[in-house]
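Numbering (the working numbering), first residue to last: 33 to 216.
Glycine is no exception: its CB is placed at the ideal position from the N, C-alpha and C atoms.
Presented below is the structure to which this report refers.
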Amino acid sequence: MYQEILKRIRPEFDKTLMFLEGEIAKIRTSRASPSLVEDIQADCFGQRFPLKQLAAISTPNSRQILIQPWDKSYIGGIVKALEQSSIGTAPIVDKDAIRISLPPLSEEYRKNLFKVLSEKQEEARKGIKYQREEAWKEIQDGFKEGKIREDDKFRGKDELQNLVDEYNEKIEQLGEKKKKEIME
Numbered sequence: 033m034y035q036e037i038l039k040r041i042r043p044e045f046d047k048t049l050m051f052l053e054g055e056i057a058k059i060r061t062s063r064a065s066p067s068l069v070e071d072i073q074a075d076c077f078g079q080r081f082p083l084k085q086l087a088a089i090s091t092p093n094s095r096q097i098l099i100q101p102w103d104k105s106y107i108g109g110i111v112k113a114l115e116q117s118s119i120g121t122a123p124i125v126d127k128d129a130i131r132i133s134l135p136p137l138s139e140e141y142r143k144n145l146f147k148v149l150s151e152k153q154e155e156a157r158k159g160i161k162y163q164r165e166e167a168w169k170e171i172q173d174g175f176k177e178g179k180i181r182e183d184d185k186f187r188g189k190d191e192l193q194n195l196v197d198e199y200n201e202k203i204e205q206l207g208e209k210k211k212k213e214i215m216e
């Protein structure tokens, strides 16, 4: 019975980890990446769309992002969205494309990025902790209802904690990897 609960919780932990990976990818490093801008919402035809639906986004070099809208009429909305974003640099319109040149990261900006990264990791840890508490409650309820034996209850608690430790370690590894990218 407790194994079923642990089987059900692993995909939830995976979702938390995948969400964190997506959030970390949006944190700017000294390297240009399409993930920095692809989810920025731009107004086109009275609706909001993520840039990845309006343009091809590439990185011609490590300090530049090139945005090539599918239609010239999107340029104004995309530029406005980029200017309002927290990307920290002004977009430059170059004929039918938009270029973003990323300046080198200052020490103060790096510290700020570390803080943001730490907050994202903490959110993920809280998600894991909440899911652990739900699973533990389910195991305890199973014990109270006589569906789980006492020794299985404690075995389930130990295995659940091992799973939590495994995912917290993955969260830590993702953070360390991103810190190295920021420091490059």
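Residue i to residue j, Cα distance in whole Å?
i: residue 184; j: residue 162; result: 22 angstroms
i: residue 160; j: residue 200; result: 8 angstroms
i: residue 89; j: residue 142; result: 25 angstroms
i: residue 152; j: residue 204; result: 11 angstroms
i: residue 77; j: residue 64; result: 29 angstroms
i: residue 47; j: residue 66; result: 22 angstroms
i: residue 81; j: residue 123; result: 18 angstroms
i: residue 165; j: residue 130; result: 47 angstroms
i: residue 175; j: residue 41; result: 18 angstroms
Take residue i as the anchor and find which of the options has the nearest alpha-carbon.
i: residue 71; options: 104, 33, 59; result: 59
i: residue 45; options: 202, 207, 78; result: 202
i: residue 56; options: 126, 156, 91; result: 156
i: residue 126; options: 99, 87, 149, 53; result: 99
i: residue 39; options: 214, 195, 216; result: 195
i: residue 210; options: 175, 188, 145, 165; result: 145
i: residue 187; options: 137, 176, 168, 41; result: 168
i: residue 104; options: 140, 128, 84; result: 128
i: residue 34; options: 101, 43, 170; result: 170
i: residue 216; options: 94, 73, 49; result: 94
i: residue 49; options: 136, 135, 158; result: 158
Looking at the structure shown, is residue i part of a helix, part of a strand, or coil, going by DSSP?
i: residue 150; result: helix
i: residue 90; result: strand
Since I believe residue j is in contact with residue i (beta carbons under 8 angstroms), could you give me their beta-carbon distance rounded to a whole number of angstroms?
i: residue 110; j: residue 149; result: That pair is no contact at about 27 angstroms.
Residue ranges of each beta strand (DSSP E) within the stretch 48-84, 3 or longer
73-76, 79-82
Where are the beta strand (DSSP E) runs, 3 residues long or more, that stay fully inside the stretch 98-161, in chain order?
124-126, 129-133
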